[in-house]
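What follows is a set of notes on a single structure, which appears directly below.
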Amino acid sequence: MTETTPDQLDPSLRRLIEAAREAADHAYSPYSGLSVGAALLGADGSVVSGANVENAAYPLGICAERTAIAAAVSQGLKDFRAIAVTARGSALATDGLLSPCGACRQTLIEFAQLAGHDIQVLLASPDGQRVLLTSARELLPLAMGRDQVRPGA
Ligand code: THU
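Position in the sequence shown (first residue = 1) + 576 = my numbering.
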């Protein structure tokens, strides 16, 4: 886990952060007041983004990361190199870097295992100028996953 700035990053990762920031503009989060955006970088270079979508029945809300993953899989994309995540809003009480929730970590692990490689995770501040670099495996050590079950058995 390292903290960095966008100018130190590959241009494709800088663009990914910008895509996550744009996605956060489309968040539907009237209940939490937290607008979250996520953008996935596919192995083929494509970018698919998502935002959090909340509901008056609170537990039905879905995080930006899993919205992005569902959108990507729906488009035939399952091999992810990286995901950028950013959040903004008056409800953001942290240092500005939103840490993915456990459900999103577990969902990322599924696709890291499927692809056979780790997925880089970039947590960006609201202005995109601070970036924490980590990975799916670093975020969820000893994860339960595909290696522990026999799919379809
Ligand atoms: N949220 C995300 O979109 N991603 C996360 O990893 C954590 C939380 C959203 C869910 C909810 O709409 C709001 O942030 C407050 O928890």
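Where a beta carbon is used, it is the ideal one built from N, C-alpha and C, also for glycine.
Looking only at its chain, what residues have a beta carbon closer than 8 angstroms to the beta carbon of residue i, apart from the 5 residues adjacent to it on each side?
{"i": "Pro606", "result": "Glu630"}
Rounded to the nearest angstrom, what separates residue i and residue j at their Cα positions?
{"i": "Leu658", "j": "Ala632", "result": "The question names Leu, yet the displayed sequence has Ala at residue 658. For Ala658 and Ala632, the distance between alpha carbons rounds to 31 angstroms."}
{"i": "Gly652", "j": "Leu684", "result": "16 angstroms"}
{"i": "Ala669", "j": "Gly692", "result": "35 angstroms"}
{"i": "Pro582", "j": "Pro635", "result": "34 angstroms"}
{"i": "Glu641", "j": "Val725", "result": "24 angstroms"}
Under three-state DSSP, which class holds residue i?
{"i": "Ala619", "result": "coil"}
{"i": "Ser588", "result": "helix"}
{"i": "Ala691", "result": "helix"}
{"i": "Tyr575", "result": "The shown model of the chain, from 577 to 729, leaves out residue 575, and the question about it has no answer."}
{"i": "Val629", "result": "strand"}
{"i": "Leu709", "result": "strand"}
Measure from the alpha carbon of residue i to the alpha carbon of each residue in the options, then state which is nearest.
{"i": "Asp723", "options": "Gly618, Arg664, Gly672 and Ala688", "result": "Ala688"}
{"i": "Asp655", "options": "Leu610, Asp703, Asp586 and Gly621", "result": "Gly621"}
For the alpha helix (DSSP H) containing residue i, name the first residue and the last one.
{"i": "Leu698", "result": "Segment Gln696 to Ala700 is the beta strand (DSSP E) holding Leu698; no alpha helix (DSSP H) there."}
{"i": "Leu715", "result": "Ala712 to Leu715"}
{"i": "Ile645", "result": "Ala640 to Ser650"}
Can you tell me where the beta strand (DSSP E) holding residue i begins and where it ends?
{"i": "Val661", "result": "Phe656 to Arg664"}
{"i": "Thr580", "result": "Thr578 to Thr580"}
Near residue i, which residues of its chain fall below 7 angstroms by C-beta distance, leaving aside the five closest residues on each side in sequence?
{"i": "Thr580", "result": "Val707 and Leu709"}
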